[in-house]
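One structure below.
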Amino acid sequence: MSVILASAGYDHTIRFWDALTGVCSRTIQHTDSQVNRLEITSDKRYLAAAGNLYVRLYDIRQTGSTGNTTSGGGTSGTAPGGGGGGGGGGGHGANGSSGNSNNSNNNPVMTFEGHTTNVTSLAFQAENKWMVTSSEDGTVKVWDVRAPSVQRNYKHNCPVNEVVIHPNQGELISCDQDGNIRVWDLGENQCTHHLIPEDDVPINSLSVASDGSMLVAGNNKGNCYVWKMQNQRDLTSLTPVTKFRSHSKYITRVLLSTDMKHLATCSADHTARIWSTEQNFALETTLQGHQRWVWDCAFSADSAYLVTACSDHYVRLWDLSNSETVRQYNGHHKGAVCVALNDV
Numbered sequence: 001m002s003v004i005l006a007s008a009g010y011d012h013t014i015r016f017w018d019a020l021t022g023v024c025s026r027t028i029q030h031t032d033s034q035v036n037r038l039e040i041t042s043d044k045r046y047l048a049a050a051g052n053l054y055v056r057l058y059d060i061r062q063t064g065s066t067g068n069t070t071s072g073g074g075t076s077g078t079a080p081g082g083g084g085g086g087g088g089g090g091g092h093g094a095n096g097s098s099g100n101s102n103n104s105n106n107n108p109v110m111t112f113e114g115h116t117t118n119v120t121s122l123a124f125q126a127e128n129k130w131m132v133t134s135s136e137d138g139t140v141k142v143w144d145v146r147a148p149s150v151q152r153n154y155k156h157n158c159p160v161n162e163v164v165i166h167p168n169q170g171e172l173i174s175c176d177q178d179g180n181i182r183v184w185d186l187g188e189n190q191c192t193h194h195l196i197p198e199d200d201v202p203i204n205s206l207s208v209a210s211d212g213s214m215l216v217a218g219n220n221k222g223n224c225y226v227w228k229m230q231n232q233r234d235l236t237s238l239t240p241v242t243k244f245r246s247h248s249k250y251i252t253r254v255l256l257s258t259d260m261k262h263l264a265t266c267s268a269d270h271t272a273r274i275w276s277t278e279q280n281f282a283l284e285t286t287l288q289g290h291q292r293w294v295w296d297c298a299f300s301a302d303s304a305y306l307v308t309a310c311s312d313h314y315v316r317l318w319d320l321s322n323s324e325t326v327r328q329y330n331g332h333h334k335g336a337v338c339v340a341l342n343d344v
């Protein structure tokens, strides 16, 4: 099956990579602004890029950015794209200047306009019928993907750092710069929960377990908060489970693996860390090698690999069994702050 790996950041470009070889197969110029977040639709048809004011949707189908897996989707020991776990252990990469940046297919197929400043995150509904975004303008917006129109608009009183979709597809969870977490019920069209883990400490990132059983939040003090989530009478209840210090500096991203066994945290301390959800969030490994802030990450479908994006301009693929860099993707001329991977 094909593997889609893309990254973007402050050099105003989106780059598609061959996950196995490290070669950049396509470059899209995102001239409006930096790119804050990338998201791939579940059918691998489109890539959405969140920037300053706009979200732009690009067609993936003719990118030439796919690589063939030899094991039908990345079994344990096989890196996304078919690379063996040890291949390229020195972090070999390719210059990102290759790839066609003048193809007419690089024009967005749709632009979503409505936010008044930076769009900080986005997520697609399971069937890609609608999309949700968060912004520094203090709003969470729900969009019809078939036509670029706002269907719902929810307000915070400060910049919103991230929004995620509950696996039940009926609730949104958002976090903001004042330290609030809000749960929005799409059926009732209202906020049903309001959590403040630490007063006035910005929450930068959220992640929900794939079965909806757990919520994790990471804040500016390096603390992670975990809640148990249960569905009762079509309403989600949240019960505090634990709080732990994951980094000494800002947490930029938290992400639960697909198999729900691991939590990845990225930080301003130049590292990403992996924590065991089955052992009360004990530290499993620290991924060291980046030279600046690590902004984003993505797990492979089998949860055996992690891709990270960093201000040092590099994107790295890590083998979590040995904490080694399998591939380093070279080509960004400024900080890489977001990455998207689909190797299902």
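In full-length UniProt numbering, the protein residues as written are 1 to 344. Glycine included, each C-beta is placed from N, C-alpha and C at the ideal position.
Going by beta carbons, T120 and E171 fall outside the 7 Å limit. Taking C-beta separations shorter than 8 Å and ignoring five residues to either side along the sequence, the partners of S149 in its chain run W143, following chain order. The beta-bridge partner set that DSSP reports for L5 consists of L341.
Between the segment 129–147 and the segment 190–210, the count of Cβ pairs shorter than 8 Å is below three; the stretches do not touch.
Take the alpha-carbon of Y154 and the one of T21: they are about 43 Å apart. One alpha carbon belongs to N106, the other to W275, and they sit about 38 Å apart. Residue state for Q151 is assigned as strand, using DSSP reduced to three classes. Burial is judged here by how many other beta carbons sit within 10 angstroms of a residue's own beta carbon; D296 has at least 16 and is buried. Of the other Cβ atoms in all chains shown, 16 or more fall within 10 Å of the Cβ of N180; this residue is therefore buried.
Setting aside the 5 residues that flank it on each side, K221 is surrounded in the same chain by V201, each with a C-beta closer than 6 Å to its C-beta; the list follows chain order.
In summary, D302 is buried, with 16 or more beta-carbon neighbours lying within 10 Å of its beta-carbon over all protein chains present.
In this structure, DSSP gives T271 a state outside helix and strand, which the three-state scheme calls coil. The three-state secondary structure of N106, taken from DSSP, is helix.
Check the Cα spacing between N168 and each of E162, N189, P197 and S213: the tightest is with S213. The residues L57 and D59, in chain order, have a CB closer than 6 Å to that of V109 in the same chain once the five nearest residues on each side in sequence are set aside. Excluding its 5 nearest sequence neighbours in each direction, G51 has C-beta neighbours in its own chain below 7 Å: H30, D32, S33, Q34, V35, N36 and V119, listed in chain order. In terms of CA proximity to N280, F244 leads the group T13, S42 and F244.
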